[in-house]
Amino acid sequence: MSFVALDWGTTSLRGALLAEDGRVLEERSAPRGILHLDGASFAEVFEAFTLDWMAVPGRRCLIAGMAGSRQGWVEAPYCACPCGAEDIAQQVVPVVPGRIDMVPGLVDHQSGVPDVMRGEETQILGAMRLTGLREGLFVLPGTHNKWARMADGRVTGFRTFMTGEFYALLSQQSILARTLQADAPLVRQAFLDGVDRARRADSPGLLHLAFGMRALSLFDRLAPAAAASYLSGLLIGDELRAQPLQPGVPVVLVGSPTLTERYALALDSVGVPARLLDAQATWAGAHALWRARQAVG
């Protein structure tokens, strides 16, 4: 029997009707994230978004993402790492028993400070299914980037970096906003210059390098059209400094092509190959959880 999978995030709501074998039969999306309900309840938004899909008797829905957070529809407690599809499936929370289920997020306590994710766990499971890999480093670029470590088909741990949010803050609200063109297309060399400068062993640190952009602009050494790429390179390069990368050992990138292509470019500059996946990973992960959910009852 086909089922409905939703990726209900902070700003957007995406859905897919999936066949029993995982094929995507239909997709849709709407700007109705958990912070954009416009006065409607979660149940009302859900019914309007899935009306025709869920009209089929006995059809069920699996929801992942921020809809399962404390600010969401129903809070689904975090599943502690290490965990795999079966562990997550066992902690799925019923929203409407027998009809709608909420996927829990993941928590990693290993550093002493909790790290959490919601929604990315489904993408990671999908990426494993699509690539056939059961171990390695899986990277999910976004507002809050996730670097997840996999072993034997389970997420053993992960770390989150606020790279995307810092880029938005610096490019829109800091003094650097006056010297860059935020919507400029990628300038490859400027981006790689930023990556290289941030990754150097003798790097003075991101805070100093960011101010250096101001000085470079004052002396006409960094054009506004290239400055956004340079800033992006600085931030991603600084992020790469903290990763256990090994030349020649590939990583898996999951996310929008705009972001994954930049990370692939940065990784290639240090000799690390990458495999790129997009939204298909979400639905592949939802199918993996659906099958695991059926197995555990």
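1 is the number of the first residue of the sequence shown in our numbering; add one for each residue after it.
Positions of the beta carbon are idealized from the N, C-alpha and C atoms, including for glycine.
Determine the direct distance from the alpha carbon of E120 to that of E239, and round the result to whole angstroms.
18 angstroms
How big is the Cα-Cα spacing for A292 and E86?
5 angstroms
Residue from G248, F49, L125 whose Cα sits closest to the Cα of R14
F49
Go ahead and pull the three-state DSSP assignment for M128.
helix
Grab me the residues of M162's own chain with a C-beta within less than 6 angstroms of its C-beta, minus the 5 sequence neighbours each way, in chain order.
H144
I need the straight-line Cα distance from V187 to L180, nearest angstrom please.
12 angstroms
Going by beta carbon distance, what residues of the same chain come within less than 8 angstroms of A266, once the five residues before and after it are set aside?
F191, L192, V195, G233, I236, G237, L240
From this set, V296, A279, L17, P31, which residue's C-alpha is nearest G126's C-alpha?
A279
For S256, which three-state DSSP category applies?
coil
Run of the beta strand (DSSP E) containing A64, from where it starts to where it stops
61-64
In three-state terms, what does DSSP make of S232?
helix
Opposing strand residues paired with V4 [DSSP bridges]
L17, C61
G58 to R200 span [Cα, whole Å]:
58 angstroms
Report, in whole angstroms, the separation of the C-beta atoms of G153 and G105, which I expect to be a contact under 8 angstroms.
That belief does not hold up - the Cβ atoms of G153 and G105 are roughly 19 angstroms apart, past 8 angstroms.
Please check if any C-beta of chain D sits within less than 7 angstroms of the C-beta of C79.
Structure shown: chain D not included; a single protein chain is present.
Let's test the definition: count the other Cβ atoms within 10 Å of the Cβ of M128 and tell me whether it reaches 16, buried, or not, exposed.
buried
Quick check on this structure: which residue in A43, Q123, F42, V4 has the alpha carbon closest to the alpha carbon of E26?
V4
Using beta-carbon positions only, say whether E135 and M117 come within less than 7 angstroms of one another.
no
Name, in chain order, the residues that DSSP records as bridge partners for S29.
R14
Anyone know if the C-beta pair for G9 and M66 falls short of 7 angstroms?
yes
Option in R32, I100, L209, A182 with minimal Cα separation from A55
I100
With DSSP as the reference, label F161 as helix, strand or coil.
strand
In this structure, what does DSSP give as the bridge partners for F49?
DSSP lists no partner for F49.
With DSSP run on the structure shown, which of helix, strand or coil describes T179?
helix
Contact set for C79: own chain, Cβ-Cβ below 8 angstroms, skip 5 residues either direction:
D87, I88, Q91, P104, G105, L106, V107, E121
Buried or exposed: L285, going by 16 or more other Cβ atoms within 10 Å of its Cβ?
Correcting the residue type first, residue 285 is Gly in the shown sequence and not Leu. By the 10 Å Cβ count, G285 comes out buried.
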